[in-house]
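A short write-up of the structure that comes next.
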Amino acid sequence: MNLGRAIALCRKQRGYNQAQLAEKAEISISYLSLLEQNKRKDPTLSIIQRISEALAIPSGILFFLAADQTELSGLPVDLQEKLSFAALQLLNEQPPEQALI
Numbered sequence: 066m067n068l069g070r071a072i073a074l075c076r077k078q079r080g081y082n083q084a085q086l087a088e089k090a091e092i093s094i095s096y097l098s099l100l101e102q103n104k105r106k107d108p109t110l111s112i113i114q115r116i117s118e119a120l121a122i123p124s125g126i127l128f129f130l131a132a133d134q135t136e137l138s139g140l141p142v143d144l145q146e147k148l149s150f151a152a153l154q155l156l157n158e159q160p161p162e163q164a165l166i
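In my numbering, the protein residues as written are 66 to 166.
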């Protein structure tokens, strides 16, 4: 998975459309769309932080989901996304002091 797909996955889990997330993160819809399509691969840490805050998740979750998970790479994409959803749910259940930052 890449960072763009991780953002889209978290956005969908939160029930936001692109316009809602873009507004909350104070970025343009077109920029968010390019990020999610992996056509912009250079977001600043500030942008990632704003997106994370808009999604109410630690930015570490985005990096975790975006990490090259080679052990999952042979699985179908839909199964990879289901496993990522499960991982995100587990991370969200952790107390804030244990969450990734």
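Where is the CB? At the ideal position from N, CA and C, for every residue including glycine. No experiment lies behind these values; they were computed from the predicted model shown.
Name the two residues that bound the continuous alpha helix (DSSP H) containing A121.
As a first step, residue 121 must be located in the sequence shown, where it is residue number 56. Segment: none, A121 is in no alpha helix (DSSP H) and carries neither H nor E.
Given that a residue counts as buried once 16 or more other Cβ atoms are within 10 Å of its Cβ, and exposed if not, what is Q159?
Looking up residue 159 in the sequence shown gives position 94. Only weak support is given to the placement of Q159: the predicted model assigns it a pLDDT of 47, under 50, and the value that follows is read from those uncertain coordinates. So Q159 ends up on the exposed side.
Quick one: Cα of A71 to Cα of A131, how far?
Mapped onto the sequence shown, residue 71 falls at position 6. Mapped onto the sequence shown, residue 131 falls at position 66. Taking the straight line joining both Cα atoms gives about 6 Å.
Where does E91 fall in DSSP's three states?
For the purposes of this step, residue 91 is taken as residue 26 along the sequence shown, with counting starting at 1. E91 carries a coil assignment under DSSP once its states are collapsed to helix, strand and coil.
With contact counted as at least three CB pairs below 8 Å, one residue from each stretch, are the segment 139-148 and the segment 80-88 in contact?
Because the criterion of three Cβ pairs below 8 Å is not met, the segment 139-148 and the segment 80-88 do not touch.
S111 by DSSP, collapsed to three states: which one?
Along the sequence shown, read from residue 1 onward, the residue named residue 111 stands at position 46. In the structure shown, S111 sits in a helix (DSSP, three-state: H, G or I).
Return yes when the Cβ of G69 is within less than 8 Å of the Cβ of Q114, no when it is not.
In the sequence shown, counting from the first residue as 1, residue 114 sits at position 49. In the sequence shown, counting from the first residue as 1, residue 69 sits at position 4. In this structure, Q114 sits away from G69, with a CB-CB distance that is not shorter than 8 Å.
With 16 as the cutoff for other CB atoms within 10 Å, does L120 come out buried or exposed?
Walking along the sequence shown from the start, residue 120 turns up at place 55. Within 10 angstroms of the beta-carbon of L120 lie 16 or more other beta-carbons, which makes it buried.
Would you kindly report the start and end of the unbroken alpha helix (DSSP H) that includes L68?
Your numbering for residue 68 matches position 3 in the sequence shown. Looking at the DSSP string, the run of the alpha helix (DSSP H) that includes L68 is L68 to R79.
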